[in-house]
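For the sequence shown, our numbering begins at 201 and goes up steadily by one.
Just so it is clear, CB atoms sit at the ideal spot from N, CA and C, and this is done for glycine as well.
Predicted model, so just to flag it, every value in this text is computed and none were measured.
Structure first, commentary second.
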Amino acid sequence: MDYLVEVQGLRKVFHTRDSELEALSDINLKVEAGDIYGIIGMSGAGKSTLVRCLNYLEVPTEGRVLIEGQDLRDLSPKDLRKLRGNIGMIFQGFNLLMQKSVIDNICFPLLIQGKKKEEARERARELLKIVDLAEKEKAFPAQLSGGQKQRVAIARALASHPRILLCDEATSALDPQTTASILALLKKINEETGITIIIITHQMSVVQEICKHVAIIEKGHLVEDGTVEEIFTHPKSHAARRMLIEGKDPDEQLPETGPEDNPLSGPEREMELLHEKRRIRIVFSKNSSFEPVIGNMVLHFGIPVNILKADTRDVAGVARGEMILGLPDDAVLQEQMITYLKEHELAVEDV
């Protein structure tokens with residue numbers, strides 16, 4: 201298979217007067233044309249450095265970045281500028297020109313490329329319709345909401361018909377409702393134009409909502425990659441499990457809890473801990489979600505289990521249910537229950 205974007209053995213080191221910082225180490229990625237690919241990691245993981253390496257705004261210390269088979273390190277400055285015309289980019293902070301109107305912001309990159317003013321304005325108005333801001337062409341950024349500013353930024357990034365759109369924390373400054381509308385817009389643009397979108401984020405919910413494939417970056421290392429469905433169902437890395445199950449930074453220490461943090465204390469809490477020696481995460485398949493598997497399991501074995509968490513998430517456009525269960529102390533019974541769950545098409549992972 202030919203990939204639109206390939207990253208091979210990428211390493212990036214920043215040097216200071218007294219030391220050096222390895223921001224990325226041995227990163228290998230492959231992105232198919234037309235994909236929506238997520239790169240997720242917490243603050244300081246190296247994901248923003250990685251996205252800047254994809255268009256050589258940061259030159260890797262080692263390794264290769266190939267776009268449509270072209271090795272970026274072999275390109276002249278002129279050819280590199282030309283290639284960047286095929287890579288649009290949007291940011292968390294919008295990066296709009298505050299003194300220019302909406303339509304002039306969108307026209308700006310086209311005018312720099314030498315397009316005639318009328319041709320640029322025609323393209324800008326076409327894009328304003330796509331991002332549902334046709335009536336805002338004369339407005340200035342200060343008159344827009346955060347979501348509207350990001351829509352203008354998206355339109356500007358699409359102005360020169362790029363093949364790739366890089367989104368660096370593009371929804372981090374937005375509220376959940378606005379985030380959902382921006383993600384829906386990006387998905388629509390991907391479906392209608394075939395543009396390849398690479399999303400950099402620290403939010404697992406963003407990846408689950410829109411991405412087809414995902415790479416997880418932790419401390420500059422690629423710790424896991426695959427389809428969103430695979431990683432949601434069977435997370436292998438510590439980072440993926442922490443983000444999926446708890447929505448936390450993989451390196452964050454969980455706070456210590458005292459009796460006041462749990463509704464059960466004293467003998468009741470001790471009984472709960474004795475009863476619950478193993479915790480598992482289960483994910484419901486499309487088939488298993490239509491029957492009361494947990495209820496039937498409790499009836500089958502005659503032993504209750506603790507439901508510690510239950511949730512439904514939209515994963516790549518499909519609603520998927522998940523639970524975290526506390527199993528009884530009996531090790532044999534634990535394995536029997538896990539076998540029962542797997543026989544009923546549930547994915548089971550230890551927490």
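Note on geometry: alpha-carbon atoms of residue 214 and residue 261 lie some 9 Å from one another. The stretch 286-302 makes contact with the stretch 336-353; the number of CB pairs closer than 8 Å reaches 3 or more. Within the same chain, 207, 210, 212, 224, 259, 260 and 265 come within 8 Å of residue 253 by CB-CB distance, once the 5 residues on both sides are set aside.
The distance from the Cβ of residue 226 to that of residue 413 is about 19 Å, inconsistent with a contact at the 8 Å cut-off. DSSP places residue 217 outside both helix and strand once states are collapsed to three, so it counts as coil. Within the stretch 360-397, the runs of alpha helix (DSSP H) at least 4 residues long that lie entirely inside it are, in chain order, 376-393. Between residue 400 and residue 368, the C-beta gap is smaller than 8 Å, which places the two residues in contact. When the five nearest sequence neighbours on each side are left out, the beta carbons in the same chain lying within less than 6 Å of the beta carbon of residue 356 are those of 305 and 306, in order along the chain. Residue pairing by DSSP places residue 270 opposite 267 in a beta bridge. In this structure, the CA atom of residue 397 is about 5 Å from the CA atom of residue 365. When C-beta atoms of the stretch 522-541 are compared with those of the stretch 493-504, three or more pairs fall below 8 Å, so the two segments count as touching. At a Cβ-Cβ threshold of 8 Å, residue 360 and residue 337 do not count as neighbours. The residue from 320, 219, 282 and 415 with its alpha-carbon nearest to that of residue 229 is 415. By a beta-carbon distance limit of 8 Å, residue 363 contacts residue 395. Their separation comes to about 6 Å. Distance from the CA of residue 348 to the CA of residue 248, rounded to the nearest whole angstrom, comes to 23 Å. Per DSSP, the unbroken alpha helix (DSSP H) holding residue 404 starts and ends at 404-410.
Between the alpha carbons of residue 281 and residue 263 lies a distance of about 20 Å.
For the 8 Å CB-CB criterion, residue 482 and residue 547 form a contact.
From the listed residues 310, 205, 243 and 240, the smallest Cα separation to residue 268 is found for 205. Contact annotation: residue 290 and residue 350 have beta-carbon atoms nearer than 8 Å.
For residue 317, the CB contacts under 8 Å within the same chain, skipping 5 residues up- and downstream, are 307 and 311 in chain order. By the neighbour-count criterion, in which a residue is buried when 16 or more other Cβ atoms sit within 10 angstroms of its Cβ, residue 384 is exposed.
Distance between residue 220 and residue 429, taken at the CA atoms: about 37 Å.
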